[in-house]
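> Numbering (our numbering), first residue to last: 1171 to 1671.
Ideal placement from N, C-alpha and C gives every residue a C-beta, glycine not left out.
#1: Let me know the secondary structure DSSP gives residue 1660 once reduced to three states.
#2: Among 1666, 1544, 1570, whose alpha-carbon lies nearest the alpha-carbon of residue 1654?
#3: Using beta-carbon positions only, say whether residue 1499 and residue 1288 come within less than 7 angstroms of one another.
#4: Can you tell me whether residue 1265 is buried or exposed? The criterion is at least 16 other CB atoms within 10 Å of its CB, across all chains shown.
#5: Can the beta-carbon of residue 1565 be found closer than 7 angstroms to that of residue 1521?
#6: Tell me, please, whether the segment 1375 to 1390 touches the segment 1333 to 1343 by the rule of three or more beta-carbon pairs shorter than 8 angstroms.
#7: Please state the DSSP three-state secondary structure of residue 1606.
#8: Leaving out the 5 sequence neighbours to the left and right, which residues in its chain are closer than 8 angstroms to residue 1246 when beta-carbon positions are compared?
#9: Tell me the DSSP secondary structure of residue 1251 in three-state form.
#10: Residues in the same chain with beta-carbon distance under 7 angstroms from residue 1221, minus the five sequence neighbours each way, listed in chain order, please.
#11: Could you give the first and the last residue of the continuous alpha helix (DSSP H) run that contains residue 1362?
#12: With DSSP collapsed to three states, give me the class of residue 1595.
#13: What is the rounded straight-line gap between the Cα of residue 1226 and the Cα of residue 1233?
#14: Among 1259, 1322, 1372, which one has its Cα closest to the Cα of residue 1364?
#15: In the DSSP assignment, what residue or residues form a beta bridge with residue 1647?
#16: Could you tell me whether the segment 1487 to 1507 touches the segment 1523 to 1543, using the rule of 3 or more Cβ pairs below 8 angstroms?
#17: DSSP three-state call for residue 1452: helix, strand or coil?
#18: Give the secondary structure of residue 1303 by DSSP, where H, G and I count as helix, E and B as strand, and everything else as coil.
#19: Considering only C-alpha positions, which residue in the set 1613, 1460, 1408, 1546 is nearest to residue 1641?
#20: May I have a chain-ordered list of the alpha helix (DSSP H) segments no shorter than 4 residues that lie completely inside the segment 1516 to 1588?
#21: Quick one: using the 10 Å Cβ neighbour count with 16 as the cut-off for buried, is residue 1402 buried or exposed?
#22: Pull the bridge partners of residue 1509 from the DSSP assignment, please.
#23: Curious, which full-length alpha helix (DSSP H) runs of at least 4 residues does the segment 1613 to 1639 contain?
#24: Measuring CB atoms only, is the segment 1302 to 1313 touching the segment 1262 to 1277, in the sense that at least three cross pairs come out at less than 8 angstroms?
See the structure below:
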């Protein structure tokens, strides 16, 4: 007797409903996890906010759009990191909405939902998505670029050119990898007869004008700053080492898609019982060019992006794993055939739920178990609000002025920069990275210099004492982490540089 679950029937009859329920549930999950488990911002999020506070057209970290949006979200939430977490999940929702519409155009709504559910198991869309920055913002822009790129190349919709140009321009304002990513859809269009046909009109010229206008501010900054646009020639002296790095990057991409791979294997015909009468999800015939389009963008960003990263010694593929693996789920659905048979439904549901919940459980373990193992300190365990409040209040009590600038340890300085007064952050060890404030301006406005204190004496490290020769250290301040565990006490040495009259 055939057993068909309610979920399968809803996938057939109401694919859009299933899409929104699944995507919103995962977005809520990764909105609650950092709010409940993180006392400090993950990764480099504090640095992103420090750069965004200055509204620079360009910095050494690249184009400005992600930094501007992070600061706007932070201010809209009343100076709380909650706003940036919401922004991260809006990027997640926008990414999968574009993926769903692309899949619906190619394979129909029901199978597009299956592609979305498979892609959601990729770990790049879970905990890494909380750390908002250029990599996270580039994902929805890339997804929308692929959607409108197919509407232009595959279906010849002239009205899609304008949206395509807007998205391409915003991508150029988001990440330094955008020029290389944009070469992929251009190369695919030039390699296909239908794509070349649609490129012969005047629409591409208008699109280039729109892209140039959007990217013009950053282009002007690049020219004035003399920033490096084209990478140097890669060092090919160690071919074996480069090949090993490439293999390691490919391995981590496969590991990030492990949930998708396991679900595909469990649903294979070889593991199904002979007597099982499994439900089937139908789809219309797939355009041969659409099949090539999906396969190309499921493989090329990962293979070429990891090769580029291996050649230049980078730790992640070009654009990140979210871009490299975005179309893997849709590629698996297309490769399955016009009829997708859902075998072993109960097992598939359990494995899918486990793949979705595993990163959240890992975050829980990192918050409460890792500190007892004596491992390295977790950035999310630092009490960011307490640290920022203490030093801001201390400076205001001593000087009668609001804290205007902070320097010293980059990580601690960035955390204090998230305080109520939003002081400027000075990376004094490499002042060129923070052009909005110089050491001379810091000495004029005054501020707080912080460092990690090794003992209760509070003496600054030699490099900080050299850059700030007249420091008078205060008694170090101790702070409790979310879970202290076996980590040494968190002591922060500090000194006040009083503003000049």
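By the coordinates alone:
#1: Strand, per DSSP.
#2: 1544
#3: yes
#4: buried
#5: Their beta carbons are not under 7 angstroms apart, which means residue 1565 does not touch residue 1521 by this criterion.
#6: Output reads yes: the segment 1333 to 1343 touches the segment 1375 to 1390.
#7: coil
#8: Excluding positions up to five away in sequence, the list reads 1253.
#9: coil
#10: 1229, 1231, 1237
#11: First-last for residue 1362: undefined, no H or E at that position.
#12: strand
#13: Going by the C-alpha atoms only, they are around 9 angstroms apart.
#14: Comparing alpha carbon positions, the residue from 1259, 1322, 1372 closest to residue 1364 is 1322.
#15: Per DSSP, 1662.
#16: no
#17: strand
#18: coil
#19: 1613
#20: 1554 to 1569, 1580 to 1586
#21: So residue 1402 ends up on the exposed side.
#22: 1452
#23: 1632 to 1637
#24: yes
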